[in-house]
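Residue numbers (the working numbering): 1 to 322.
Idealized CB from N, CA, C, for every residue including glycine.
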């Protein structure tokens, strides 16, 4: 790499390449891979776990006072109250990986006070390294990235991801898919959101949308997109997408057209104070706290437990986060 990189970005790149080496070695003998099921159609392998451990070890060796939010181990490692938090997906596209389909990636982001500052998405099968530092542009290897220049959705190629978890609203997605498919030139679904979003930054896609994603799926790529001149948000076009489990991204012109299609399907709604409850008495959780609490409850709840209503986060809560 010819340009001087931020020290924290250099450490993230080192961690991503270390994980990529583990993944590439394992890909040579998938028959002996141990695969577990977290939930229906949601898999984890020993490779996910080893790659995550290697990433965390590398990051904390350099920055022991930083926090960690990782797909497999959550908040177990790192400082719990640090303003710096590494958001890690050691193997985005696990289902592809275990089938030998070569579309998956390592995703590492560093957030400072909930704003992503450094980002790396590494595709080990192609040795493609997408990276960005806030305010310094986005790159693929040594090439500066810019989003596409298309202005009409009818000419655009759009990426997406299908719902696959139990409880996902598949019928809602089919309606969205139908609307988008009839409005664009083509739709693609490779199966690794971190790479899909980077493809928007590179101009391969003109837009991307998906529901059900977690912060570790999108954190790194979100910075890469904005540094490449693109936009990313929830289905109503607001910037509070990280913990809302819906995301749309694209070049500015196509993004606006996608939002107009997807806005009616949004799950992000405004909370109103309960009747008789003063607004001042409410203590709303941060978006991250709400996400982690919901995820923990879903994991701990018995199979026959009644379904809990989805947590809704008000935009004001996100604006007021420390």
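Scanning the region 53 to 96 from its first residue to its last, the whole beta strand (DSSP E) runs of 3-plus residues come out as 67 to 70, 84 to 92. Partner residues in a beta bridge of residue 235, as assigned by DSSP, do not exist.
Taking a cut-off of 8 Å on C-beta distances, the region 219 to 237 touches the region 252 to 262, as three or more cross pairs fall below it. Every beta strand (DSSP E) stretch that sits fully inside the region 166 to 238 and reaches 3 residues is listed by chain position as 186 to 188, 207 to 211, 231 to 233. In this structure, 199 is the residue among 199, 129, 107, 47 with its C-alpha nearest to the C-alpha of residue 160. Membership of residue 138 in the beta strand (DSSP E) is indicated by the continuous run 138 to 140. By alpha-carbon distance to residue 220, the top candidate from 46, 60, 191, 118 is 118. Inter-segment contact for the region 130 to 147 and the region 66 to 74 is absent: fewer than three beta-carbon pairs are separated by less than 8 Å. Secondary structure at residue 157: strand, using DSSP grouped into helix, strand and coil. Per DSSP, the beta bridge partners of residue 112 are 84, 115. Under the DSSP assignment, residue 260 falls in the alpha helix (DSSP H) whose first and last residues are 252 to 262. In this structure, residue 105 places its C-beta atom within 9 Å of the C-beta atom of residue 92. Approximately 18 Å separates the beta-carbon atoms of residue 180 and residue 147; this is outside 8 Å, ruling out the contact. Our two residues, residue 186 and residue 261, have alpha carbons roughly 16 Å apart in a direct line.
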